[in-house]
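Peer 1: Take 8 as the starting number for the sequence shown in the numbering used here and just add one per residue.
Quick one: structure below, then a few questions.
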Amino acid sequence: MGAAPRPSNRACACSALWRIARAARAARRDPPCVPQVLGSVQTLQCSRRPSRGHRSSDELLSLLVLSHDISPFPCQDIITTPFDPTQAATDTLVTTGWYLPLLAFVILAVLECGSARRVPAGSLADHLLNLAGLAVQGIAIPAAGYLIATRVLAAHSPDLAGSLRIGCLGAFLLNFVLVDLVYYAQHRLFHRVGVLWALHQCHHASPVVSVWATSRNSLWVSFLFVYLLLNPLLGFLCDCPQGFFFSAALTASLDLWRHSRLPERFAPAWLGRALVTPAHHHLHHSLDGQGVNFGANLLLWDRCFGTAREPDGYPARYGTSNAPGPWRQFLFPW
8 MGAAPRPSNR
18 ACACSALWRI
28 ARAARAARRD
38 PPCVPQVLGS
48 VQTLQCSRRP
58 SRGHRSSDEL
68 LSLLVLSHDI
78 SPFPCQDIIT
88 TPFDPTQAAT
98 DTLVTTGWYL
108 PLLAFVILAV
118 LECGSARRVP
128 AGSLADHLLN
138 LAGLAVQGIA
148 IPAAGYLIAT
158 RVLAAHSPDL
168 AGSLRIGCLG
178 AFLLNFVLVD
188 LVYYAQHRLF
198 HRVGVLWALH
208 QCHHASPVVS
218 VWATSRNSLW
228 VSFLFVYLLL
238 NPLLGFLCDC
248 PQGFFFSAAL
258 TASLDLWRHS
268 RLPERFAPAW
278 LGRALVTPAH
288 HHLHHSLDGQ
298 GVNFGANLLL
308 WDRCFGTARE
318 PDGYPARYGT
328 SNAPGPWRQF
338 LFPW
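Structural data, given as structure tokens:
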């Protein structure tokens, strides 16, 4: 009779985890800390030597503990926390979602290069201004929002974290619908109030509207947008911040899309019944259309407040009249 097959390293590691979980449940009142657990696991070695390229069970368990950064916490917190597959899937989704705007930018820029409506050549100052805007709104603003949520709010109001119990779908809609309404109101103020228009004019002064000009703005208006303060605050309050911030990433991607110069076939008519399409937003950037189509994601708000206008193709001329020079627009637009 042949020898019984020896357990694999993975089986040994799973057996070790099961024994530790059982011991922690038995000692619920005084659970062992992680270093004690790791010490006890050393007796749960596999009988065979690991082959090259494989790890022993205690090495696998040590990597598991360290990779999840749970060493400062008692085992009771680890063992008694149920595994939520929905939460795990959402975590994966939001991790991917942070890269969504970058992926959208690359795809749209490539499509614009091959499109019949490819971006015409502009001045060097316009190109540098576009790049500066992308750096501020694509890097500085998200980084500032992250610091507000993780350093300021978490340090001063930790009890409020997750207090808004609306689930992942509710958190997604909170950003996609409610924040969009607040942005619509703020965008109208940017066009109505003289001081704010001076700050926002830089965005409309571009003679070419494309994915590259999406974030073109004066330096100061970037820090006045609702996204900087409202997104970190609401995301911090939501019990599912993953859903909220994935919606924020989707909003940023749609912003790139509605500024792009792609042909109308990339925005079918049925989509334009609900969303602000590139044709809608390009009309907003035209010389005679800056009083319409203020929404970001949804066309709903423009229709509700009487500022919606259906486009008839793409406009022939963009920009504003009497705009100051490019770098004055960016640094000192008054």
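All C-beta atoms in this analysis are idealised placements derived from N, C-alpha and C, irrespective of residue type, glycine included.
Let me know if Leu110 comes out buried or exposed under the rule of 16 or more other beta-carbons within 10 Å of its beta-carbon.
Peer 2: Position 103 of the sequence shown holds residue 110. Exposed, since its Cβ has fewer than 16 Cβ neighbours within 10 Å.
Peer 1: Who are the near neighbours of Ala286 in its chain, counting only those whose CB is closer than 8 Å to its CB and skipping five residues on each side?
Peer 2: One-based indexing of the sequence shown puts residue 286 at position 279. Same-chain partners within the cutoff: Glu271, Ala274, Gly279, Pro318, Gly320 and Tyr321.
Peer 1: Could you check which residue in Asp187, Gly326 and Phe253 has the C-alpha nearest to that of Leu305?
Peer 2: Residue numbering aside, residue 305 sits at position 298 when the sequence shown is read from its first letter. Measuring from the Cα of Leu305, the nearest candidate turns out to be Asp187.
Peer 1: Which one of Leu136, Leu263 and Gly332 has the shortest CA to CA distance from Val283?
Peer 2: Taking the first residue of the sequence shown as position 1, residue 283 is located at position 276. Ranking Leu136, Leu263 and Gly332 by Cα distance to Val283 puts Leu263 first.
Peer 1: Where do the ends of the alpha helix (DSSP H) carrying Cys120 lie?
Peer 2: Counting from 1 along the sequence shown, the entry for residue 120 is found at position 113. Taken as a continuous stretch (DSSP letters only), the alpha helix (DSSP H) holding Cys120 covers Leu107 to Cys120.
Peer 1: Could you pull out every residue in the same chain whose Cβ sits closer than 7 Å to the Cβ of Gln208, ignoring the five residues on either side in sequence?
Peer 2: Working through the sequence shown from its first residue, we reach residue 208 at position 201. For Gln208, where only same-chain residues beyond five positions count, the Cβ hits under 7 Å are Thr327, Ala330, Gln336 and Pro340.
Peer 1: In this structure, does DSSP put Cys311 in helix, strand or coil?
Peer 2: On the sequence shown, position 304 is the one that residue 311 refers to. Of the three classes helix, strand and coil, the one that applies to Cys311 here is helix, per DSSP.
Peer 1: Any chance you could list the beta strand (DSSP E) runs of at least 3 consecutive residues sitting entirely within the segment 209-285, in chain order?
Peer 2: Complete beta strand (DSSP E) runs here, min 3: none at all.
Peer 1: Helix, strand or coil for Tyr325? Go by DSSP, reduced to three states.
Peer 2: Within the sequence shown, residue 325 is the residue found at index 318, counting from 1. Three-state DSSP puts Tyr325 in a strand.
Peer 1: In the DSSP assignment, what residue or residues form a beta bridge with Ser293?
Peer 2: What you label residue 293 is simply residue 286 of the sequence shown in a count that begins at 1. According to DSSP, which records beta bridges pairwise, Ser293 is partnered with Tyr325.
Peer 1: Helix, strand or coil: how does DSSP classify Leu167 here?
Peer 2: Within the sequence shown, numbered from 1, the residue matching residue 167 stands at position 160. The answer is helix: DSSP assigns Leu167 an H, G or I state.
Peer 1: CB-CB under 7 Å to Thr221, same chain, minus the five flanking residues each way: which ones, in chain order?
Peer 2: The residue you call residue 221 lines up with position 214 of the sequence shown. Around Thr221: Asp262, Leu263 and His266.
Peer 1: Buried or exposed: which applies to His163, given that a residue is buried once 16 or more other Cβ atoms fall within 10 Å of its Cβ?
Peer 2: The residue given as residue 163 occupies position 156 in the sequence shown. With fewer than 16 other Cβ atoms within 10 Å, it is exposed.
Peer 1: Tell me, which residues are paired with Leu305 by DSSP?
Peer 2: Position 298 of the sequence shown holds residue 305. Leu282, per the DSSP bridge assignment.
Peer 1: Whose CA, out of Glu119, Ala132, Val202 and Leu115, lies closest to the CA of Arg223?
Peer 2: On the sequence shown, residue 223 is found 216 positions in, with the first residue counted as 1. Ranking Glu119, Ala132, Val202 and Leu115 by Cα distance to Arg223 puts Ala132 first.
Peer 1: Measuring alpha carbon to alpha carbon, tell me which residue in Leu176, Val299 and Ala139 is nearest Gly313.
Peer 2: Position 306 of the sequence shown, counted from the start, is the residue given in the question as residue 313. With distances taken between Cα atoms, Gly313 lies closest to Val299.
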